[in-house]
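Q: Let me begin by handing over the structure; questions about it come next.
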Amino acid sequence: MLSAFSCGSGGEGKDSSTSAPDSTGEETTAPEETDGLPEKDMDKFELKIVHFDGNWLSWALTKLDAESETGDRLNDAIYKRNRNMEERFNCEINVTGKETINAGDIQSEIMAGDSNYDVWFMYDNWTLGAVEYLLPWEELPYINLDREWWNPSATEVFNLEGKTYAAASNYSLSVLSRASGFAFNKDIYNKMNLSENIYDLAREGNWTIDVMYDTAKDAYIDLDGDSSMNENDQYGISGSWKETFWRFLSGSDVRFISKDSNSDPVFELPKNETAINKMLKIFDLFTEKGICYNPQTRDVHRVLESEEIFADGRLLFKTVNFFDLESLRTCDIDIGILPCPKYDENQENYYAPYFGAEISVLLKTLPEERKENVGMLLEALAYDSNANILPEYKEVLLKTKLARDNESEEMIDIIINSISFDFGINAWQNEVGVPIVQRIYVKNDPNVASMQKSVDAQIAKLVEKLGK
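Under the working numbering, the sequence shown has 1339 at position 423, and the numbering climbs by one with no breaks.
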């Protein structure tokens, strides 16, 4: 089983082959991988976790525990994981749900000198607003963020000067549920009588923005015959401008914020000629009239219109993430799933930008005497979730329940193995990722100099705050 957090679409899972024959000619099987943790009786130690209850954060999967087995395989796998941990370590796992958790909540906890919870889950792009109150994950024993059951891209993004302030594993499926791609209407595609199988293109690494543009352009039909493009016509692509253009940019390996040698964030995008050329090409292709159903003029929250057009069978490509797939189950149209397109065929990997989920943090008030047990349990939960929860989510929820063809199952694997983080989206979304896309693609202003001027001052303030 591929790890959800292996790097790049071409990444492979851990080696499960047998070792070379020994001197006797007998083959020996490689030892089964474990979490490597020692056994310990924690004497009813209570691991206390607080996270989003799913009311406000309704667009991601936030289930961390289950009261009982219900027959639903994912629910039951989560229940068994937690109960097995409790039995193995003689501990208790206590999960508390809250509607929201923000920097103010964490500040209040710190100022009061409290430690009501061992682990907090924050909304990803709120996290650095509380960085001065956060405990680096390196201070927990037993945590090994280099292992495949932790997300290396998240570790890199939230690492500042060698200290990691937030981490992601499949203990919470929130990040995985927000992995992005495109759903497509197979009926429309088949009626276009194109010579290439779209799944073959994706499978072979040839699913690019040029291919998507050409396909989307040919999908437009003036259905009401009034010679104007309106909500009654058939379109190639639709989704909110944020969802749409972040997929094109991140999928093309454009990063809003990079890191220097000290792991500090730097805004080098305006000096990156390759990235700027990609951004300008995306502007030329996808702001062309008739290609997208006006994502650049739509409010960020107005996604219902594209959903209605897609469900009505008048849209070829729609932005989706895994969590969205549940809402498409009732559609009468034949649906397929695709990764975000590459920039070109020379790009090695696909990239699936993730944003808008909960991510785990630790507070400075975590008592020293609790760190060993907390670290051991979080490492064990991360490992067990990768080994047992991930297969259930992939095979049962995504593939069996939601994917409608075998090819979409392959595309799901590509997306899972392409999940990527960007500091300018996951940490500084409202300060960097949103204004850049707004200025260039919403306001139709591909002037890089003006974009840089509008963002530079804001970034300088953010960097100064991080340095305090």
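Even glycine gets a Cβ: it sits at the ideal position worked out from N, Cα and C. On a predicted model such as this, the values are computed, not experimentally measured, just so you know.
Residues bridged to I1059 by DSSP?
A: Paired residue(s): none; I1059 is not in a bridge.
Q: Leaving out the 5 sequence neighbours to the left and right, which residues in its chain are closer than 6 Å to Q1150 when beta-carbon positions are compared?
A: The residues are I1137, L1139, R1230.
Q: Report the rounded CA-to-CA distance for I1198 versus I1330, giving the unit in angstroms.
A: Distance between the alpha carbons of I1198 and I1330 is about 22 Å.
Q: Could you name the residues that DSSP lists as bridge partners for E1295?
A: Looking at the DSSP assignment, E1295 forms no beta bridge with any residue, so it has no partner.
Q: Rounded C-beta distance between T1190 and G1029? I'm assuming under 8 Å.
A: About 49 Å separates the two Cβ atoms, so there is no contact after all.
Q: Our contact map puts E955 next to E1008 with C-beta atoms below 8 Å; I'd like the distance itself, whole angstroms only.
A: Wrong, their Cβ atoms sit about 17 Å apart, outside the cutoff.
Q: Nearest to S1085 by alpha carbon, out of M1327, A1303, I1356?
A: The residue with the shortest Cα to Cα distance from S1085 is A1303.
Q: Counting only the same chain and skipping the five closest in sequence on each side, list residues whose C-beta sits under 7 Å from that of V1364.
A: Answer for V1364: P1186, I1192, listed in chain order.
Q: Let me know the secondary structure DSSP gives W1066 once reduced to three states.
A: Of the three classes helix, strand and coil, the one that applies to W1066 here is strand, per DSSP.
Q: For V1277, collect the residues of the same chain with a Cβ closer than 7 Å to its Cβ; drop the 5 residues on either side in sequence, then sort them by chain order.
A: Only W1036, M1038, T1043, L1050, Y1081, A1082 meet the Cβ criterion.
Q: Whole angstroms are fine: how far does the CA of P1057 sit from the CA of T940?
A: Here T940 scores only 46 on pLDDT, less than 50, and its place in the model is too uncertain to base an answer on.
Q: A1099 lies in the alpha helix (DSSP H); which residues open and close that run?
A: Element bounds for A1099: not the alpha helix (DSSP H) but the beta strand (DSSP E), 1096–1101.
Q: Nearest by alpha-carbon distance to S1143: which of G1206, S1111, E1120 is it?
A: Among G1206, S1111, E1120, the Cα nearest to that of S1143 is on G1206.
Q: Give a yes or no on whether the minimum CB-CB distance between Q1368 and chain E is below 8 Å.
A: Included in the structure is just one protein chain, with no chain E present.
Q: On the DSSP bridge list, what partners appear for T1235?
A: Answer by DSSP bridge pairing, in chain order: F1098.
Q: Could you check how far apart the C-beta atoms of G1152 and L1254 are, in whole angstroms? I think they sit under 8 Å.
A: Contact flag wrong, Cβ pair sits at about 13 Å.
Q: Can you pull the DSSP bridge partners for P1351?
A: BP columns for P1351 are empty, so no partner.
Q: Quick one: residues in its chain with C-beta nearer than 8 Å to the C-beta of E1002, no 5 flanking neighbours on either side, listed in chain order?
A: E1008, I1009, listed in sequence order.
Q: Quick one: what's T1281 bridged to in DSSP?
A: The partner list for T1281 (beta bridge, DSSP) is empty, contrary to what the question assumes.
Q: If you measure between the beta carbons of L1382 and V1073, is that distance less than 8 Å?
A: No. Outside cutoff.
Q: Taking the C-alpha atoms as reference points, what is the distance between L1117 and W1123?
A: Looking at the two C-alpha atoms, the distance is approximately 5 Å.
Q: Apply the 10 Å Cβ neighbour rule to A1132 and answer buried if 16 or more other Cβ atoms are within range, or exposed otherwise.
A: With 16 or more Cβ atoms within 10 Å of its Cβ, A1132 is classed as buried.
Q: So what's N1086 in DSSP terms, helix, strand or just coil?
A: Three-state result, N1086: coil.
Q: Leaving out five residues on either side along the sequence, give the residues of the same chain with a beta carbon under 6 Å from the beta carbon of Y1070.
A: The sequence as given places Ala at residue 1070; Tyr does not occur at that position. Closer than 6 Å at the Cβ level, and outside the excluded window around A1070, lie A1084, F1337.
Q: How about S1168 and Y1259: do their beta carbons lie closer than 8 Å?
A: Yes, Cβ-Cβ distance for S1168 and Y1259 is below 8 Å.
Q: Taking just the CA atoms, how far does I1251 sit from L1318?
A: The straight-line gap from Cα to Cα measures roughly 10 Å.
Q: Would the beta-carbon of N1188 fall within 8 Å of that of E1077?
A: No.
Q: Using a 10 Å radius around the Cβ and a threshold of 16 neighbouring Cβ atoms, would you call W1053 buried or exposed?
A: Its Cβ being crowded by 16 or more others within 10 Å, W1053 is buried.
Q: Beta-carbon separation of F1390 and V1236 under 8 Å?
A: The requested residue 1390 is not part of the displayed model; the chain covers only 917 to 1384.
Q: Should the region 991–1002 be called in touch with the region 1299–1313, which here means at least 3 C-beta pairs below 8 Å?
A: Contact between the region 991–1002 and the region 1299–1313 is present, because at least three Cβ pairs lie under 8 Å.
Q: Using three-state DSSP, classify L1314 as helix, strand or coil.
A: Here L1314 sits in helix by DSSP.
Q: At which residues does the alpha helix (DSSP H) containing W1036 begin and terminate?
A: From DSSP, W1036 is part of no alpha helix (DSSP H) but of the beta strand (DSSP E) over 1035–1039.
Q: If you compare alpha carbons, which of E1308, P1269, E1221, E1184 is closest to V1371?
A: Of the listed residues, the one whose Cα sits closest to V1371 is E1184.
Q: Beta carbon of D1240: closer than 7 Å to some heavy atom of the ligand MG?
A: Questions concerning the ligand MG fall outside what the structure shown contains, since it holds no ligand whatsoever.
Q: Considering only C-alpha positions, which residue in the set L1165, V1091, A982, C1208 is nearest to D1130?
A: It is C1208 whose Cα lies nearest to the Cα of D1130.
Q: Using the C-alpha atoms, what's the distance from I1305 back to I1352?
A: Cα to Cα, I1352 sits roughly 37 Å from I1305.
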